[in-house]
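J.: Position one of the sequence shown corresponds to residue 6 (our numbering), numbered consecutively onward.
Glycine included, every Cβ here is placed at the ideal spot set by N, Cα and C.
For reference, the structure I am asking about is given below.
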Amino acid sequence: MTLNQLLKMKQNQQKIVCLTAYDAAFGHWVSAAGVDVILVGDSLGMVVQGHTTTLPVTLEQMVYHTQMVQRSNSTAWCIADLPFMADATLQDGLAAAKALMQAGANMVKFEGGQRAVALVARLSELGVPVCGHLGLLPQSVQKTGYRVQGRDAAAAEALMNDALALQAAGADLLVLECVPSDLARQISQALTIPVIGIGAGKDTDGQVLVLHDLLGLTLGKAPKFSHNFMTGADSIQQAIERYVTAVRNLEFPQPCHEMT
């Protein structure tokens, strides 16, 4: 998978399938199931390390997990998260992106809108593929909580402006988390780059889930936008393949998977 292929999928209205992975075993099986994009997410802080937020995850840990995934990923485009405060300054962000790219990532992802524009622009100038992340920002939950973002007109306009600003700065992909489905559709239609949704309805260009939620291994209560694809499956591999098929056939997500 290449960035150009992902762009063509958007243009051809083919749904992009994204899933997290954190180690070599799942890097292999996720890519073998036909997933287009693997996200080595800082969500590992919650589903692997057992923390209540993503905040304790370090850059060194992200490098380590990216290296593991990329040793066995044979086909999927790989995005790696910049962890909490790794992009506190422009120089910090550049150094963190360098570390993740040298660990084998194809693209780096970080949270935020206008504040991230300078870093997006500089990375783009340096030839580093960038994925933005708007809506619910897990690294900011101590301030915002786990709530749907962009509900009122002003907040929706701000999210649209952030998305356009990131694209103008050179972002190549965008993740939209927990925003109303109508707003997610509008942003997806307004952007020329692919938009991957999670808890944002079915009208984005693709979907992403956390692997452990898909497999019914969530520690605590599963997010409303997730779905346990292990139910009725004969194996983990079949569960992942069912997710791929459901996204491609517009069977996931359904309205019941939207945040309200």
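For residue 220, which option in 199, 247, 211, 194 has the closest C-alpha, if you only look at C-alpha atoms?
T.: Residue numbering aside, residue 220 sits at position 215 when the sequence shown is read from its first letter. Here the closest residue by C-alpha is 247.
J.: When we look at the beta-carbon of residue 226 and count the other beta-carbons within 10 Å, is it buried (16 or more) or exposed?
T.: Against the sequence shown, residue 226 aligns to sequence position 221. Classification for residue 226: exposed.
J.: Please name the residue in 207, 79, 250, 153 whose C-alpha comes closest to that of residue 31.
T.: As a position in the sequence shown, residue 31 is number 26, starting the count at 1. Cα-wise, what sits closest to residue 31 is 79.
J.: So, at 6 Å on beta carbons, what are the nonlocal neighbours of residue 197 in its own chain, with the 5 sequence-adjacent residues on each side left out?
T.: Residue 197 sits at position 192 when you count from the first residue of the sequence shown. Same-chain partners within the cutoff: there are none.
J.: Between the Cα of residue 253 and the Cα atoms of 242, 213, 223, 184, which residue gives the shortest distance?
T.: The residue labelled residue 253 in the question sits at position 248 within the sequence shown. With distances taken between Cα atoms, residue 253 lies closest to 213.
J.: In whole angstroms, what separates the C-alpha of residue 86 from that of residue 163?
T.: Working through the sequence shown from its first residue, we reach residue 86 at position 81. Working through the sequence shown from its first residue, we reach residue 163 at position 158. Taking the straight line from one Cα to the other gives about 23 Å.
J.: For residue 25, report the span of its beta strand (DSSP E) as first-last.
T.: Working through the sequence shown from its first residue, we reach residue 25 at position 20. First-last of the beta strand (DSSP E) with residue 25: 21-25.
J.: Less than 8 Å between the beta carbons of residue 204 and residue 23, yes or no?
T.: Position 199 of the sequence shown, counted from the first residue, corresponds to residue 204. Position 18 of the sequence shown, counted from the first residue, corresponds to residue 23. No, the pair does not count as a contact, with Cβ atoms beyond the cut-off.
J.: Quick check on DSSP: helix, strand or coil for residue 200?
T.: Along the sequence shown, read from residue 1 onward, the residue named residue 200 stands at position 195. Residue 200: strand per DSSP, three-state reduction.
J.: With burial defined as no fewer than 16 other Cβ atoms inside 10 Å of the residue's Cβ, what is the status of residue 111: buried or exposed?
T.: Here residue 111 corresponds to residue number 106 of the sequence shown, with the count starting at 1. With 16 or more other Cβ atoms within 10 Å, it is buried.
J.: Which term fits residue 119, buried or exposed, when burial requires 16 or more other beta carbons within 10 angstroms of its beta carbon?
T.: Counted from its first residue, the sequence shown places residue 119 at position 114. Classification of residue 119: exposed, given that the 10 Å Cβ count is below 16.
J.: Residue ranges of each alpha helix (DSSP H) run of no fewer than 4 residues wholly in the segment 94-136, ordered along the chain?
T.: 95-107, 122-130
J.: Could you name the residues that DSSP lists as bridge partners for residue 54?
T.: Within the sequence shown, residue 54 is the residue found at index 49, counting from 1. The partner list for residue 54 (beta bridge, DSSP) is empty, contrary to what the question assumes.
J.: Give me whichever residues DSSP pairs with residue 183 in a beta bridge.
T.: Here residue 183 corresponds to residue number 178 of the sequence shown, with the count starting at 1. None; residue 183 has no bridge partner.
J.: Below 8 Å on the Cβ atoms is my guess for residue 89 versus residue 59; work out the distance and round it to an integer in Å.
T.: Counting from one through the sequence shown, the residue named residue 89 turns up at place 84. Counting from one through the sequence shown, the residue named residue 59 turns up at place 54. Confirmed, about 7 Å.
J.: In whole angstroms, what separates the C-alpha of residue 235 from that of residue 244?
T.: By one-based count along the sequence shown, residue 235 stands at place 230. By one-based count along the sequence shown, residue 244 stands at place 239. Between residue 235 and residue 244, the C-alpha separation is close to 5 Å.
J.: With DSSP as the reference, identify every bridge partner of residue 140, one or two as the case may be.
T.: Working through the sequence shown from its first residue, we reach residue 140 at position 135. Listed as beta-bridge partners of residue 140 by DSSP are 182.
J.: Closer than 8 Å is the cut-off here; do at least three beta carbon pairs connect the segment 60-67 with the segment 149-167?
T.: no
J.: Is DSSP giving residue 175 helix, strand or coil here?
T.: As a first step, residue 175 must be located in the sequence shown, where it is residue number 170. Coil, per DSSP.
J.: So which of 240, 222, 178 has the shortest CA-CA distance to residue 14?
T.: Stepping through the sequence shown from its first residue, residue 14 is reached at position 9. The option with the nearest alpha carbon to residue 14 is 178.
J.: Please report the distance separating the alpha-carbon of residue 17 from that of residue 169.
T.: Locating residue 17 in the sequence shown gives position 12, counting from the first residue. Locating residue 169 in the sequence shown gives position 164, counting from the first residue. Each residue's Cα considered, the two are about 21 Å apart.
J.: If I'm right that residue 153 touches residue 184 with Cβ under 8 Å, what's the distance once you round it to whole angstroms?
T.: Along the sequence shown, read from residue 1 onward, the residue named residue 153 stands at position 148. Along the sequence shown, read from residue 1 onward, the residue named residue 184 stands at position 179. Sure, about 7 Å apart at Cβ, within 8 Å.
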